[in-house]
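Chemist:
Protein chains: 2
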Amino acid sequence: MSKKYVIPFHEGGLEQKHLMGGKGANLGEMTKAGLPVPPGFTITTAACLEYYDAGRILTDERKEEIGAALFSLEKQTEKKLGDPSDPLLVSVRSGAVISMPGMMDTVLNLGLNDETVQGLERLTENPRFAYDCYRRFIQMFGDVVLGIPHCRFERVLQRKKEEQGVSTDTELTADDWKSVIERFKGIVKEETGNEFPQDPAEQLNRAIIAVFDSWNNQRARIYRRIHKISDDLGTAVNVQMMVFGNMGDDSGTGVAFTRNPSTGEKALYGEYLINAQGEDVVAGIRTPQPISSLSERMPAIYEEFRKIGNRLEAHYRDMQDIEFTIERGKLYMLQTRNGKRTAHAAVKIATDLVKEGVIDKRTALTRVDPEQLDQILHRRIDPKAELDVLTKGLPASPGAASGKVVFDADIAERWSQDGKKVILVRPETTPEDIHGIVASEGVLTSRGGMTSHAAVVARGMGKPCICGCEEAKIDLKSKELRVKGMVVREGDELSIDGGTGRVIRGQVPLIDPELSDEFQQILAWADEFRRLKVRTNADNPEDSAKAREFGAEGVGLCRTEHMFMEADRVPLVRDMILAETAEERQAALDKLLPLQQKDFKGIFEAMSGLPVTIRLLDPPLHEFLPNQEEILTEVVKLQMTEGADPVEVKKKEELLRKVRGLHEFNPMLGHRGCRLGLIHPEIYAMQVEAIFLAAAEVIQEGATVRPEIMIPLVGHVNELREMRKLVEEMATQVESRTGQPIPYTVGTMIEVPRAALTAAEIAEEADFFSFGTNDLTQTTFGYSRDDAEGKFLHEYIHHKILPDNPFMTLDTDGVGRLVSIGVKEGRRTKPALKTGICGEHGGEKQSILFCHRAGLDYVSCSPFRVPLARLAAAQAALIDIGEPEPIGKTS
Amino acid sequence: MSKKYVIPFHEGGLEQKHLMGGKGANLGEMTKAGLPVPPGFTITTAACLEYYDAGRILTDERKEEIGAALFSLEKQTEKKLGDPSDPLLVSVRSGAVISMPGMMDTVLNLGLNDETVQGLERLTENPRFAYDCYRRFIQMFGDVVLGIPHCRFERVLQRKKEEQGVSTDTELTADDWKSVIERFKGIVKEETGNEFPQDPAEQLNRAIIAVFDSWNNQRARIYRRIHKISDDLGTAVNVQMMVFGNMGDDSGTGVAFTRNPSTGEKALYGEYLINAQGEDVVAGIRTPQPISSLSERMPAIYEEFRKIGNRLEAHYRDMQDIEFTIERGKLYMLQTRNGKRTAHAAVKIATDLVKEGVIDKRTALTRVDPEQLDQILHRRIDPKAELDVLTKGLPASPGAASGKVVFDADIAERWSQDGKKVILVRPETTPEDIHGIVASEGVLTSRGGMTSHAAVVARGMGKPCICGCEEAKIDLKSKELRVKGMVVREGDELSIDGGTGRVIRGQVPLIDPELSDEFQQILAWADEFRRLKVRTNADNPEDSAKAREFGAEGVGLCRTEHMFMEADRVPLVRDMILAETAEERQAALDKLLPLQQKDFKGIFEAMSGLPVTIRLLDPPLHEFLPNQEEILTEVVKLQMTEGADPVEVKKKEELLRKVRGLHEFNPMLGHRGCRLGLIHPEIYAMQVEAIFLAAAEVIQEGATVRPEIMIPLVGHVNELREMRKLVEEMATQVESRTGQPIPYTVGTMIEVPRAALTAAEIAEEADFFSFGTNDLTQTTFGYSRDDAEGKFLHEYIHHKILPDNPFMTLDTDGVGRLVSIGVKEGRRTKPALKTGICGEHGGEKQSILFCHRAGLDYVSCSPFRVPLARLAAAQAALIDIGEPEPIGKTS
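In the order they appear, the protein sequences are chains A and B.
Each step along the first sequence adds one to the number in UniProt numbering, with nothing skipped, and position 367 is 367.
Each step along the second sequence adds one to the number in UniProt numbering, with nothing skipped, and position 791 is 791.
#1: Count the other CB atoms, across all protein chains shown, that sit within 10 Å of the CB of V714/B; report buried if there are 16 or more and exposed otherwise.
#2: Would you list, in sequence order, the uninterrupted alpha helix (DSSP H) runs of no fewer than 4 residues that lie entirely inside the stretch 304–382 of chain A?
#3: With 8 angstroms set as the bound, which would you pick, yes or no: does the beta-carbon of K824/B sit closer than that to a beta-carbon of chain A?
#4: Helix or strand or just coil, what does DSSP make of Y134/B?
#5: Between A526/B and L365/B, which are expected to be in contact by the criterion C-beta below 8 angstroms, what is the C-beta distance as a whole number of angstroms?
#6: Check the Cβ of P619/A against every Cβ in chain B and list those closer than 9 angstroms, keeping chain order.
#7: Can a CB atom of chain A be found closer than 8 angstroms to the CB of K791/B?
#8: Distance, Cα to Cα, A788/B vs L494/B?
#9: If contacts are defined as beta-carbon pairs under 8 angstroms, then Q277/A and G245/A qualify, I think. What distance do you get, rounded to the angstrom?
#10: Thinking V752/B and G782/A are a contact (beta carbons under 8 angstroms), I'd like their distance in whole angstroms, please.
#11: For G855/B, collect the residues of the same chain with a Cβ closer than 7 angstroms to its Cβ; drop the 5 residues on either side in sequence, then sort them by chain order.
#12: Starting from F137/A, find everything on chain B with Cβ-Cβ shorter than 9 angstroms and list it in chain order.
#13: Using the three-state DSSP reduction, which class does S891/B fall into: helix, strand or coil?
#14: Taking only beta-carbon atoms, is I381/B less than 8 angstroms away from chain A?
#15: Distance cutoff 8 angstroms, beta carbons only. Does M486/B sit that close to anything in chain A?
#16: From what residue to what residue does the alpha helix (DSSP H) around G661/B run?
#17: Could you tell me the distance, in whole angstroms, from the CA atom of R660/B to the CA atom of Q628/B?
#18: Buried or exposed: which applies to C465/A, given that a residue is buried once 16 or more other Cβ atoms fall within 10 Å of its Cβ?
#19: Taking only beta carbons into account, state which residues of the stretch 766–790 of chain B come closer than 8 angstroms to chain A, listed in chain order.
#20: Taking 7 angstroms as the cut-off, is the CB of V688/B close to at least one heavy atom of the ligand PLP?
#21: Taking Cβ positions, are L557/A and I711/A nearer each other than 8 angstroms?
#22: Just tell me which of K484/B, E480/B and T500/B has its CA closest to the CA of G491/B.
#23: Spatial neighbours of D382/A within its chain, please: C-beta separation below 6 angstroms, excluding the five flanking residues on both sides.
#24: Have a look at D813/B and V405/A and give me their C-alpha separation to the nearest angstrom.
#25: On the three-state DSSP scale, how would you describe P863/A?
#26: Below 8 angstroms on the Cβ atoms is my contact criterion, and I expect V90/A with Y332/A to pass it. Report the Cβ-Cβ distance as a whole number of Å.
#27: Taking 8 angstroms as the threshold (C-beta atoms), are Q740/A and A690/A in contact?
#28: Per DSSP, F257/A forms a beta bridge with which residues?
#29: Short of 7 angstroms Cβ to Cβ, which residues in the stretch 623–644 of chain B face chain A?
#30: Taking the DSSP output, what are the residues bridged to A236/A?
#31: Can you list, in chain order, the residues of its chain with a C-beta nearer than 6 angstroms to that of E761/B? Leave out the 5 residues immediately preceding and following it.
#32: Is it right to say residue 894/B is buried, meaning 16 or more other beta carbons lie within 10 angstroms of its own, or is it exposed?
#33: In chain A, which residues lie with their C-beta within 9 angstroms of the C-beta of M668/B?
#34: Using the Cα positions of K889/A and D369/A, report the straight-line distance between them to the nearest angstrom.
#35: K479/A by DSSP, collapsed to three states: which one?
#36: Start and end of the beta strand (DSSP E) containing S770/A?
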């Protein structure tokens, strides 16, 4: 098949979108549908790629083809480019396959020169208009094609207005524009060494090249990185006959949506300007009118536009974002595309379109971007609010909050009890700060990453949190937070947006989440189509209940260490760790047992009838002990203090010795997970006993319980074999003590590469696999997340060494390959093996698609991401049966 | 095929070794050859496994078969078990497939009871002999079968000798033995509640069961763990007619080797005792005579034995270890097996046997265990020396040394300059101790693992080193080393054996290494057969030269960080790291450049004509900075000191801030390897420039140089792509500056799982892969070696959670699978891709077999392991073409 390099609009359409780009294809589509579209043609993405391949050269062949298309356009419009008597003027616009609004360049009014401007003046009998057009053209061409700083032209305009004592462009006369044009030409000559090009054919070629080049300007590249659009697509260029909204009061230009993009309400929504070109609307110099007022000013045009809007919506079966121009009382359509919308609008429009019979529910499911759902589920900052953003940190837990700054957990608690809203600000948090986190609206830390203590705890509680905000210098002594010379003191108002990482001065207006009927409807439809089950990561009854409300079908990961970190447990846990004898240790464990049992009972009750996967203790024991540097500092100080109590000194020294004994060079790869369970079986035994006692109790109270005991960090089947024995022994013990049979299963996390690589063996001892893709990503890449995110990962993504942050989006080539090996080989040993994912990827759209394709049984994510996961799982299933791609890039 | 459970010797032989065990098979082999072997039969390993499967029960079927075999034996010997007139007496001995000398149990003289002992007395007309036999039987049976503590019998014997006023057993009379027997029977009754069993059939069954049980006694299990023998093999039991070496002065018993097992010299070597049973030789109560003296005492017997020895050697085509007994002037062969030997002897015997035409050189290669070669290459402790072993640590660098203890690198240097030999003892070493390590004979540290600074540096220098010797409490203030209450002070003599980890009090006699012609011969033969190339890990010219002397075919890993750690570099490296501006940093790099250039030049010269793989800087930068805790301590002290110089305080605080800024939670997974090169390209640029400048210089001086630039820690092809660009730019620069074309290649370490999993992509940018299996093992298992070896790995191996230490022996199922994926998929992209291994596994026998099978091109190991690798590579090649398995377990 020969590639098409140039396509006239009337031969185009959506089926050629990959060549014509979105804008060109839509113009073709509208032209074919008989809508009033100014004629033109598209130079395709194939031509753009050829241009780059040839080393940024437009080949002679291509130039000829463009010339031929231009000739046809001239015949169709009965005008000629450069004809002084009736000049054809054209716009030259970019149009990529995936929309990148405002990112690339546009040139309007092309074809004007010192002669044709006079023709335009004669034809329109409007000299002011003609010279206004010409100066606009020079200005745009100068900026876009010749690379002259925009400000140089702006300065001339500004000076001219000052000279004339006027404040707006519209007050300037034709003669004013003529003198501006002369000065503009002078700037061009000065900046480029050449006269402003007068040959319209040269103007056209150079404009086309400039648009091709704009594919690789910096903002376009950044936009593509953020939106994960390939750099290899190239852009098309649309050359279209100009129509003018600035030919007098019977002319105008505007942009309108067929439905409200904020609320989804079915009504034209947009704005227009009389006697203006499109850029005036964007530039914001004049305030546009709401589209509804057009119905009074030009009722026939409004009615025509309304009908066209309906036709377009019906044609595209989606809400449209339409650009239009009115030239001397005639309506022209310049562009239409599916409109961007808020999460609320997306949900409403999708469900409304189903009700209206325009789309079916499968299609509706593809119309909502799961990632947007966070907007609906959390309090957020009113988008209309003006913000005084101080700095940014890592968006560690979504939602927004305002409150008074406190630097201490105790004060947070006290102030909160006094009815004050507080934001807890700390360099980092430890288990000792938990009551402060509970008491505060949100947390801000200057250190730590997305898996730091503060982040994990805040996400668990559904509170906003920003971590690793390195620009924020926190001085705990003087109780001050300093950012770039600004100081925030204890009691000052501060706001945080945990979804974006923004730290904002003062209080900001917040919008409460509302779960509309439409929202529930979309999720109910999602449930019909998805194959993946959705569970939640929850460590307490409250989170479990919340997640169940959001549709969770069980707990996929209950992290028992968070229970150990609760303030009333920490002293017991420390006693257990620091015990000198087996008896002392057992005594501490005996005290922990009833507390753990209560924890589990609450979760079982909240999840009655559903499976609950409980992971036994995972982190290294030193995480429960005080910070080594702090103790060292205390010890040195005590040693230097004359008259210090020698008993106290000895005690602290002893503590330091113990903490040092437990110190690890790389705790992530150290003595944790089942390695703890194997060396200190008494800890796991206590946990398993507590689980079974709680289960027995809840069953006897009439609930249905299905505990799934998960052994963490298994790398060799023997580890699981030993731990399974321990669980089975404990089950037998508890069953015989309580007389209550308890149904349970035993499985493991697959979170080190060796576990995936030897899944066939490990499956012999496992009833289920849960892929712990957080740790699996760390070990597969050899990244410590806490270090990588602060030190190099940001640069890696910025410079495209990595396509994504692998801790956010599952790396399919490496980590994903291990997951697939694990699923396949595990099932070969045990066909009934249940498989799921409980890393953070379980709540991320692209990763969920991967999980669906890898054949997992379920994903598990934090409670507030459960709706997202339900929808993403449905989209994954639909993609696989060939439904239209959901909006947003998913693969 | 029906399993054989009982096999008479005359129907047995080596082809049934898997059933009969080594001893039984050899007895069968000798019987078939017509040698004088007392008749008997073997109860096979199949019977043993059945016994365990049945829950430690000998089935009736098996009992019947044993009865039938016994009946045949009675017919053959014309004696009957339990016949008072002419009793058959038998020995019951264990015999596993893989020899486990002394690990399992034996019962002799079985068949004696109160009646048959009288028959024996009559037949031999030697009452003392008969009752001596009986008391020995009761004693052994009591110990082995009835589980009565050996000491109880010993005490009776002791008391009897005291009563009689004699000092040796031989002085006791028949009556003495009779009374001893009565007391023994009393002990049996007391301990078991039953009389000593008089029924010979019961004695036999119980003895067989006891031998089966001894397969799982503690010392056998430990032996198998150490020697990597499967627990599932089981043991055979040999029932054999007793012959007696204790029937008078015309009787005797002994053990002899056909060649000297220490030196390999061809001459009978062994010892015997007149009028004794085998156990007397082992027990060491009487001093045995050298075998040579038998030629005077019993010339005919000696001659017969010599001939049989020659026949056996010719038959087995290897040096034999033979047990024999002379009963009333008649020679019996009780056992023969291939004899254990020292490395020196193994080499000499193998080459001698080739010279003698007994074996070919392929077979000779299988006769030397590569792991033994360390004995030959390093100084070692005279095996005859008596040692006062204080404690043990990790065997971090082989070889032995004695010297005066010093606790400080400066003192080490001073004393060494004064001509004293010193052993440097430190809690751990840092780059600042290098001059102390250089000055000392060996290093002992109480902290750190096999990859600690001390270990790596000492191995590089070929000096003995023991690390992580946790029992040793080092007090630097009082200059004392305390172990279990004993104190070693500065200046005291201490010895270390870095091959075993033994710390020994005082000076010990050392033996220098000698590389014999035979040693060179074996290695030359190895070179004929191996396919794998052998390179070395060397960071300086001395090591490179040493390795080349040992046969290295290039450098497989030159670690540039060791150059950075040299004492004169550390200040420059710190300047570079702590630089505030780009200029300061560049200035420090400019000073490092000529030093690095000199390093590389020396290595290129030493390796002229051979490839040299240089790895760019790998460790995180904080490794070059002072210890964070130490600075913190200093800062706190300064802060607490009144009148401290504020400039000094500020400086230290600033240093602490910087060190903290570089701190990482998991440095192993942090900002290191090419992640450094990507974020700080100026460091790699300096290194690459130094490499190319050195290469240009050496080439212009007439040498042949082939630098291979290795980029560490690549996990994504983009990392390598960027770094490759940097190398290529620098090559162009240096080539144009020096006018010297330089041949070079660029490749990467495969040391994180993702690199192996995406090898197909990474190979696009790589000329070679070097598998860094140290780090790959850490990431695949999720183990930090520094932490694991101290915290849980030892327990894991002890409890058989893991079969081996994966840092010593490559884990084929996990890490090996990744290596295979990497090789296969890398070569699919680039068939000419060169592949090697540079982790420590490159110098380990089993891992080298894996590398051979995985199709790698080379292994690289430390200089002193090069000979081992050459031999192991040859053995690997021979195994794959079906040569006899090398001695020692290799797969």
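Every residue, glycine too, gets a C-beta built ideally from N, C-alpha and C.
Modeler: Taking the definition as stated:
#1: In the second sequence, the residue the question calls residue 714/B occupies position 714. Looking at its Cβ environment, which holds 16 or more other Cβ atoms inside 10 Å, V714/B is buried.
#2: Qualifying alpha helix (DSSP H) stretches, in chain order: 343–355, 361–366 and 373–377.
#3: Taking the first residue of the second sequence as position 1, residue 824/B is located at position 824. With 8 angstroms as the cut-off, K824/B does not count as an interface residue toward chain A.
#4: Counted from its first residue, the second sequence places residue 134/B at position 134. Three-state DSSP puts Y134/B in a helix.
#5: As a working mapping, residue 526/B is identified with position 526 in the second sequence. As a working mapping, residue 365/B is identified with position 365 in the second sequence. Contact holds; Cβ gap of about 6 angstroms.
#6: In the first sequence, counting from the first residue as 1, residue 619/A sits at position 619. Under the 9 angstroms cutoff, chain B gives no residues; its nearest Cβ is about 12 angstroms from P619/A.
#7: Within the second sequence, residue 791/B is the residue found at index 791, counting from 1. Using beta-carbon distances, K791/B counts as an interface residue toward chain A, with a partner under 8 angstroms.
#8: Numbered from 1 along the second sequence, position 788 holds the residue referred to as residue 788/B. Numbered from 1 along the second sequence, position 494 holds the residue referred to as residue 494/B. Whole-angstrom Cα-Cα distance: 29 angstroms.
#9: Here residue 277/A refers to the residue found at position 277 when the first sequence is read from its first residue. Here residue 245/A refers to the residue found at position 245 when the first sequence is read from its first residue. Your pair Q277/A and G245/A checks out as a contact, with CB atoms roughly 6 angstroms apart and the cut at 8 angstroms.
#10: What you label residue 752/B is simply residue 752 of the second sequence in a count that begins at 1. What you label residue 782/A is simply residue 782 of the first sequence in a count that begins at 1. Right, their Cβ atoms sit about 4 angstroms apart.
#11: For this step, residue 855/B is matched to residue 855 along the second sequence. The beta carbon of G855/B is closer than 7 angstroms to those of V823 in its chain, skipping five residues each way along the sequence.
#12: For the purposes of this step, residue 137/A is taken as residue 137 along the first sequence, with counting starting at 1. Ordered by position in chain B, no residue passes the 9 angstroms Cβ test against F137/A, which lies about 42 angstroms from the chain.
#13: Translated into positions along the second sequence, residue 891/B becomes position 891. Caution is warranted here: a pLDDT of 30 is assigned to S891/B, below 50, making its placement in the model unreliable, and the coordinate value is therefore given only provisionally. Note: S891/B maps to coil in three-state DSSP.
#14: Counting from 1 along the second sequence, the entry for residue 381/B is found at position 381. Between I381/B and chain A, the shortest Cβ-Cβ separation is not below 8 angstroms.
#15: In the second sequence, counting from the first residue as 1, residue 486/B sits at position 486. No, M486/B does not count as interfacial toward chain A.
#16: Taking the second sequence and counting its residues from 1, the one referred to as residue 661/B is at position 661. First-last of the alpha helix (DSSP H) with G661/B: P646 to L662.
#17: In the second sequence, counting from the first residue as 1, residue 660/B sits at position 660. In the second sequence, counting from the first residue as 1, residue 628/B sits at position 628. The C-alpha of Q628/B is placed about 7 angstroms away from the C-alpha of R660/B.
#18: Against the first sequence, residue 465/A aligns to sequence position 465. By the 16-neighbour rule on beta-carbons within 10 angstroms, C465/A is buried.
#19: Per Cβ criterion, the list reads D775, Q778, T779, T780, F781, G782, Y783, S784, D786, D787 and A788.
#20: Absence of the ligand PLP is noted for the structure shown, with no ligands found whatsoever.
#21: To locate residue 557/A, count along the first sequence from 1; it is residue 557. To locate residue 711/A, count along the first sequence from 1; it is residue 711. Going by C-beta atoms, L557/A is not nearer than 8 angstroms to I711/A.
#22: Here residue 491/B is taken as the residue at index 491 of the second sequence, counted from 1. The shortest C-alpha separation from G491/B is found at E480/B.
#23: Your numbering for residue 382/A matches position 382 in the first sequence. Counting only Cβ-Cβ distances below 6 angstroms, and skipping sequence neighbours, we find P509 and I511.
#24: As a first step, residue 813/B is located in the second sequence; it is residue number 813 there, counting from the start. As a first step, residue 405/A is located in the first sequence; it is residue number 405 there, counting from the start. So the alpha carbons of these two residues sit roughly 54 angstroms apart.
#25: Within the first sequence, residue 863/A is the residue found at index 863, counting from 1. Of the three classes helix, strand and coil, the one that applies to P863/A here is helix, per DSSP.
#26: Residue 90/A sits at position 90 when you count from the first residue of the first sequence. Residue 332/A sits at position 332 when you count from the first residue of the first sequence. Contact flag wrong, Cβ pair sits at about 14 angstroms.
#27: In the first sequence, the residue the question calls residue 690/A occupies position 690. In the first sequence, the residue the question calls residue 740/A occupies position 740. The answer is no: Cβ separation not under 8 angstroms.
#28: The residue you call residue 257/A lines up with position 257 of the first sequence. F257/A is bridged to Y269/A and D321/A.
#29: Of all residues in the stretch 623–644 of chain B, E629, L632, T633, V636, K637 and M640 have a Cβ within less than 7 angstroms of some Cβ in chain A.
#30: As a working mapping, residue 236/A is identified with position 236 in the first sequence. Among the bridge pairs identified by DSSP, A236/A is matched with G95/A.
#31: The sequence position of residue 761/B within the second sequence is 761, counting from 1. A distance below 6 angstroms between beta-carbons, with the five flanking residues on each side excluded, links E761/B to the following residues of its chain, in chain order: V717.
#32: One cannot answer for residue 894/B here, as it falls past the ends of chain B, which runs 1 to 891.
#33: Locating residue 668/B in the second sequence gives position 668, counting from the first residue. For M668/B, the neighbours in chain A by C-beta distance under 9 angstroms run, in chain order, F665, N666, M668, L669, G782 and S784.
#34: By one-based count along the first sequence, residue 889/A stands at place 889. By one-based count along the first sequence, residue 369/A stands at place 369. Low confidence applies to K889/A: its pLDDT is 35, below 50, so where it sits in the model is not reliable enough to give any reading.
#35: Start at 1 with the first residue of the first sequence, and residue 479/A comes out as number 479. In the displayed model, K479/A falls within coil according to three-state DSSP, outside both helix and strand.
#36: Within the first sequence, numbered from 1, the residue matching residue 770/A stands at position 770. Here the beta strand (DSSP E) through S770/A covers F768 to F771.
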